[in-house]
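Note that the sequence shown ends on residue 98 in the UniProt record's numbering; no numbers are left out.
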Amino acid sequence: MAYALLNIETLENVQRPSQLQLATIDNHTLVKLGFKNGDTILERMWVRVDKIEDDQFTGVLINCPSQVADLSENDTVTFQKNNIIGIMNPRMTYECKC
Numbered sequence: 001m002a003y004a005l006l007n008i009e010t011l012e013n014v015q016r017p018s019q020l021q022l023a024t025i026d027n028h029t030l031v032k033l034g035f036k037n038g039d040t041i042l043e044r045m046w047v048r049v050d051k052i053e054d055d056q057f058t059g060v061l062i063n064c065p066s067q068v069a070d071l072s073e074n075d076t077v078t079f080q081k082n083n084i085i086g087i088m089n090p091r092m093t094y095e096c097k098c
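As structure tokens, then:
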């Protein structure tokens, strides 16, 4: 594996998903992860969750990476909650805090 997943704690200017949003993750939810290739290149991509076991998730990459080596669309990705930087679950609505 030539890439690393970023922990949300290491990213600046990223709004952390709320505990409510994290609790809504189920199979077929789309989550955004930050992938790092080498020391400087960061690419944010969407993964469709296929499996959840405790705090570990497995999903399929639905983007075509342009910067991250050894990663392709439809590859399986394993990650944890602290790697999630965005959530899109079309079956849920979230309260707006405008």
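No residue lacks a Cβ here, since even glycine has one placed at the ideal position from N, Cα and C.
For I62, I'd like the list of residues in its chain whose CB is within less than 6 Å of its CB, leaving aside the five on either flank, ordered along the chain. The residue you call residue 62 lines up with position 62 of the sequence shown. Here the set comprises W46, R48.
Relative to the C-alpha of R44, which candidate in K81, A2, Q80, L11 has its C-alpha closest? The residue given as residue 44 occupies position 44 in the sequence shown. If we check each option's Cα against that of R44, L11 comes out closest.
Could you spell out where the beta strand (DSSP E) holding Q56 opens and where it closes? Residue mapping note: residue 56 aligns to position 56 of the sequence shown, counting from 1. Run containing Q56: 56–61, per the beta strand (DSSP E) assignment.
So, helix, strand or coil for A4, using DSSP? Position 4 of the sequence shown holds residue 4. In this structure, A4 counts as strand in the three-state DSSP scheme.
Output yes or no for whether 9 Å exceeds the beta carbon distance between F79 and G59. For this step, residue 79 is matched to residue 79 along the sequence shown. For this step, residue 59 is matched to residue 59 along the sequence shown. Cβ distance < 9 Å, so F79 and G59 count as in contact.
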